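Enquirer: The following block contains the structure, expressed as structure tokens.
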Amino acid sequence: MPNRELILLALDQSPTLSLMERALRAAGHDVTVVRHQAALENALAESSPSLLLLGETFDGTAGIELGRLQLERFPTLPILLFTEKETLPTIRSALRAGLSGVLTAPLKTDDILQAVDRALKRASYLGDWLRREVRRTTASLESRTQLSESERGRLEAIIGGIEDGVIVLDAAENLVLINRAGREIFGLTGADVIGRPLEAVIANAELQALLTSPTGRATRLFELNLEDGRVFKAQHTPIPQIGSAITLHDITEIKRLEKMKGDFVHTVAHDLRSPLTAVLGYADLVEHAGNLNENQHEFVNRIQTSVKSITGLVNELLEFGRLESGSDTRREDVHLDGVMKDSLALFEPLVAQKQLKMNVDAPDGLPTVRANPVRMRQVMDNLISNAIKFTPEGGEIRLCLHFKDHQLVLEVTDSGPGIPLEDQAHIFERFYRARNVDGTLGSGLGLTIVKSIADSYNGRVWVESAEGRGSSFFVALPALELEAG
Ligand code: ADP
């Protein structure tokens, strides 16, 4: 007796239906007869029949159309069509729809059984072939992702020769590979570190903090400070199907030079400030020392304005030197919307004077950023003052705060002159002033300070602008997500 197969009969009531049912049962098959389309759907989904026999029309719908629809869902299901009258167009459309064959009246028991057996056999070959193909493709994919011993040796030799530290981790953060430079950085000896959890091998809180924070799929850059004073630029990159890789580049010397430069700028700026204060003080005194004529009064005024402008520059230099020397360690949970409000209050007179329209969009309940509040205020002041400075009278400024991808994003948009494309890549560089400044005063240090602050909190700054169409400045900072509820 052949294997018991479940055959589904979807034909309108007719003598042929009972003949088929009897013949198939007699040949040892299980048969389910369905009377309408909903029952057909159910039977297909729940009982996984081996074959479907469809009437030329069933429950008011053309059998060929029904068959075509079912093949979209069950592409390997053999389907036979029963027609009262065999015509060439019917056979053609049945085959075009992907049906396995056509049975035509008048039917004999043998015709039915032979057609069913043929269709079942073809389906079983197809099933076997599919299973074999899936197995073959899976095996070939696996062999492609697994390295042979010699390939692995070559790869290790290449990675071993790289001067930067390279650490490869699996998805559970166990060490898969660490090169010679990586071992030297952390003073590891012996080969027994491979396969062990990273935290058990390298006790470095900064490295751990980075790995446990959500990475998403992006590469992340951060600074790793070792206790002995060495500093590394570390890059953490997720690797699909393996885990992730960390590369470490020694920047101790660059950091030392940066600090020297910061200290130097700080010293010079500091030494310049005292004589400037004296100049300003004496210029003020001249006015009080006796009556000045109109010219003298005008000259003193000019001295005062210039000295104030130089003092502003020196103060920015001092600030910049302080930032570059990396000595700022104050960290608090800062609400940027509060900082924005304070900063806006400071600029209110200027906004009113230029008749600017100010829009603020900061939803309640935004997360905080872990930072020095004074630095956050500097970021806010610099961006808002630039927007006010560059926007002509009657223009519009929009301040917006929102939370996205674990980051708090500040956006300052103005309806000013916009920034030429060629300048956009440079405006965050120190002392760079774009060709759009057109008489506006400034040092070219404000945005450098903003970027320096954002960098020190692993944040980002960028600009979107087009000449004649205003500018949008963005600052994104890692934010502390609030507990839900
Ligand atoms: P400063 O404003 O003192 O010149 P910044 O570092 O703040 O220096 O800005 C650098 C340059 O970027 C500016 O000189 C100006 O060319 C351009 N810039 C900055 N903000 C804006 C803005 N809101 N609209 C147009 N240009 C701007």
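Per this note's numbering, the sequence shown starts with residue -18, numbered consecutively.
Glycine residues also receive a C-beta, built at the ideal position from the N, C-alpha and C atoms.
Here the structure is a predicted model, which means the values were calculated and not measured.
(1) Only counting the same chain, and skipping five residues up and downstream in sequence, which positions put a Cβ closer than 7 Å to that of aspartate 209?
(2) Given 8 Å as the limit, is there contact between the stretch 439 to 450 and the stretch 309 to 318, that is, 3 or more CB pairs closer than that?
(3) Which residues in the same chain have their Cβ closer than 6 Å to the Cβ of asparagine 340, if we skip the five residues on either side of it in sequence?
(4) Using the beta-carbon count (16 or more within 10 Å), is alanine 30 buried or exposed?
(5) With respect to 6 Å, is the separation between the Cβ of leucine 360 and the closest non-hydrogen atom of ligand 1 below this value?
(6) Can you tell me which of Tyr438, Lys240, Ala215 and Phe301 puts its alpha carbon nearest to the alpha carbon of asparagine 353?
(7) Since alanine 100 and phenylalanine 39 should fall inside the 8 Å C-beta cutoff, what is the C-beta to C-beta distance between them, to a whole number of angstroms?
(8) Grab me the residues of glutamate 144's own chain with a C-beta within less than 8 Å of its C-beta, minus the 5 sequence neighbours each way, in chain order.
(9) Relative to the C-alpha of serine 424, which candidate in Val418, Leu294 and Val393 has its C-alpha closest?
(10) Does the contact criterion of 3 or more C-beta pairs under 8 Å hold for the stretch 286 to 303 versus the stretch 260 to 269?
(11) As a quick exercise: from Gly346, Gly142 and Gly376, pick the residue whose alpha carbon is nearest that of leucine 382.
(12) Might you give, ordered along the chain, the residues of its own chain that have their beta carbon closer than 8 Å to the beta carbon of serine 467, omitting 5 neighbours on each side?
(13) Based on the DSSP secondary-structure assignment, which residues constitute the bridge partners of asparagine 23?
(14) List the whole-angstrom C-beta distance separating leucine 50 from leucine 58, where the pair is believed to meet the contact cut-off of C-beta under 8 Å.
(15) Using the three-state DSSP reduction, which class does isoleucine 378 fall into: helix, strand or coil?
(16) Measuring alpha carbon to alpha carbon, tell me which residue in Leu337, Thr394, Leu253 and Asn417 is nearest leucine 402.
(17) Suppose you measure from the CA of valine 431 to the CA of histidine 247; what does that come to, to the nearest Å?
(18) Distance, Cα to Cα, glutamine 334 vs alanine 250?
(19) By a C-beta neighbour count over all protein chains shown, 10 Å radius and 16 as the cutoff for buried, is threonine 421 buried or exposed?
(20) Reducing DSSP to helix, strand and coil, say where glutamate 464 ends up.
(21) Just the C-alpha distance for glutamine 222 and leucine 229, rounded to the nearest angstrom, thanks.
(22) Measuring from the CB of phenylalanine 371, is there a heavy atom of ligand 1 at a distance below 6 Å?
(23) Straight-line CA distance for leucine 94 to arginine 77?
(24) Taking only the alpha-carbon atoms, compute the straight-line gap between valine 15 and leucine 25 and give it to the nearest angstrom.
(25) For glutamate 392, name the three-state secondary structure that DSSP assigns.
(26) Report the three-state DSSP secondary structure of glutamine 216 (helix, strand or coil).
(27) Quick one, which of Phe213, Leu298 and His407 has its alpha-carbon nearest arginine 254's?
(28) From the DSSP output, in three-state form, read off alanine 100 for me.
(29) In the DSSP assignment, what residue or residues form a beta bridge with glycine 82?
(30) Report back the beta-carbon spacing between phenylalanine 455 and glutamate 392 to the nearest angstrom; my notes put them in contact at under 8 Å.
(31) Pull up the distance between the alpha-carbon of phenylalanine 213 and that of valine 281, whole angstroms please.
(32) With 16 as the cutoff for other CB atoms within 10 Å, does arginine 356 come out buried or exposed?
(33) Please work out which residues of its chain come closer than 7 Å, Cβ to Cβ, to alanine 465, disregarding the five sequence neighbours upstream and downstream, and give them in chain order.
Expert: Checking against the coordinates, here is how it stands:
(1) Excluding residues within five positions, none has a Cβ falling inside 7 Å.
(2) With the rule of 3 Cβ pairs closer than 8 Å, the stretch 439 to 450 does not count as touching the stretch 309 to 318.
(3) Arg379
(4) Sequence inspection shows proline at residue 30; the alanine mentioned does not correspond to that position. Proline 30 comes out buried.
(5) Note that residue 360 is valine in the sequence shown, not leucine. False, no ligand heavy atom lies under 6 Å from that Cβ.
(6) Tyr438
(7) So it is not a contact: roughly 18 Å between Cβ atoms.
(8) For glutamate 144, the CB contacts under 8 Å within the same chain, skipping 5 residues up- and downstream, are Ala162 in chain order.
(9) When each option's Cα is compared against that of serine 424, the closest is Leu294.
(10) Yes: at least three Cβ pairs fall under 8 Å.
(11) Per the Cα distances, Gly346.
(12) There is simply no residue 467 to check, as the chain begins at -18 and stops at 466 in what is shown.
(13) DSSP lists no partner for asparagine 23.
(14) Going by Cβ atoms, the distance from leucine 50 to leucine 58 rounds to 12 Å, so no, they are not a contact pair.
(15) The three-state secondary structure of isoleucine 378, taken from DSSP, is strand.
(16) Asn417
(17) 18 Å
(18) So the alpha carbons of these two residues sit roughly 32 Å apart.
(19) exposed
(20) With a pLDDT of only 42 at glutamate 464, under 50, the local geometry of the prediction cannot be trusted, and the value read off the model is given with reservation. Note: glutamate 464 maps to coil in three-state DSSP.
(21) 22 Å
(22) yes
(23) 24 Å
(24) 10 Å
(25) If DSSP states are grouped into helix, strand and coil, glutamate 392 belongs with the strands.
(26) strand
(27) The residue with the shortest Cα to Cα distance from arginine 254 is Leu298.
(28) helix
(29) BP columns for glycine 82 point to Leu61.
(30) 5 Å
(31) 52 Å
(32) buried
(33) For alanine 465, the predicted model reports a pLDDT of 40, less than 50, meaning its position is unreliable and no value from the coordinates is stated.
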